[in-house]
Every structure is written in structure tokens, then in C-alpha cells.
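Anchor point for the sequence shown: position 114 equals 168 in this note's numbering, and the numbering is continuous, going up by one each time. Beta carbons are placed, not taken as given, at the ideal position from N, Cα and C, and that holds for glycine. Since this is a predicted model, take the numbers as computed values, not measurements. Only one structure is covered here, and it is reproduced in the block below.
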Amino acid sequence: MELKQFLSQLKSQPETIGFNDTMAIIDGYYSFMPTAFINGSVNNEANTNNGSCKIFAFGQLHNLSTDETLACFGDFYRVDVLQNAEGQDHGNIRNFIQSGWSGIKFDSAPLAER
Numbered sequence: 055m056e057l058k059q060f061l062s063q064l065k066s067q068p069e070t071i072g073f074n075d076t077m078a079i080i081d082g083y084y085s086f087m088p089t090a091f092i093n094g095s096v097n098n099e100a101n102t103n104n105g106s107c108k109i110f111a112f113g114q115l116h117n118l119s120t121d122e123t124l125a126c127f128g129d130f131y132r133v134d135v136l137q138n139a140e141g142q143d144h145g146n147i148r149n150f151i152q153s154g155w156s157g158i159k160f161d162s163a164p165l166a167e168r
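If you want it as C-alpha cells, here you go:
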């Protein structure tokens, strides 16, 4: 899938986006440098939770809304989190739902265009 097509699908049919689709787009179009980041009350050390790091950086680069960014997590968001509101898993997704973009802070830029 091309980047333009992915972004269009994300806006028009976010429920069809899967986590693996998102990772393939990010890995295909960007170089990733693991970096520490804060997501609300969650502190993530460099090289931990790299999937979340990539998605949040991608969301910032493309000015995605909170909902569009959450859709990039695919079933981790739609099934694991939304269908289990009291769950303790996927802390980065759950914190992003609460704090949105104001809670995201990177130590350095994790993504660079290839």
C-alpha cells in the first residue's frame, strides 16, 4: 500500500486499518531511531514500546487526529482496549485516550523520511 492510499483509507475507513498495515507503511517510508518518550503518565524508555513510539511519531508528522492515531493501532485499540474498558494492558493506548496529543513528548525525533 502506498502512503497516500493509507492516509486516505485512515480518514475514510479507519476501522479497516490494522496495526501491521501501519507498521508496514512506517517501516517502508521512514527510518526509525528508538527514543524515549512520555505519554501522559507513562514513561517509555528508548527501545521499549517501539510500535507505540512509531505510531505517535507518524501521527505527529501527518497531523493525525487522536481518533485517526488510535485507529493506527488496529485491533489492539478496537478489540483489546475498547472492548475491555477496565483492562490494564496497552497502557500507551489507554493513556493516549486520556491525554491525547498534549501528553506526548519525545526526547528526540524517532522518524526520518527515507
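Cα-Cα separation between residue i and residue j, rounded to whole angstroms
i: Q152; j: I79; result: 26 Å
i: I109; j: T120; result: 11 Å
i: F86; j: F130; result: 21 Å
i: I150; j: K65; result: For clarity, residue 150 is Phe in the given sequence; the question names Ile instead. About 19 Å.
i: S162; j: S95; result: 19 Å
Collapsed DSSP secondary structure at residue i in the structure displayed
i: S106; result: helix
i: L136; result: coil
i: L64; result: helix
i: A166; result: strand
i: I92; result: strand
i: I158; result: strand
Closest by C-alpha distance to residue i, when choosing among the options
i: T89; options: N149, Y83 and E99; result: E99
i: S62; options: G145, V135, H116 and N138; result: H116
i: C126; options: M55, D81, V133 and M77; result: M77
i: P164; options: D75, Q67 and D81; result: D81
i: G157; options: F60, A111, Q142 and E69; result: A111
Whole-Å CB distance - residue i paired with residue j, under 8 Å assumed
i: N97; j: N146; result: Between N146 and N97 the Cβ distance is about 11 Å, and since that is not below 8 Å, they are no contact.
i: T123; j: G113; result: 4 Å
Neighbour-count burial assignment, residue i, 16 or more Cβ in a 10 Å radius
i: R148; result: buried
i: A166; result: exposed
i: G128; result: buried
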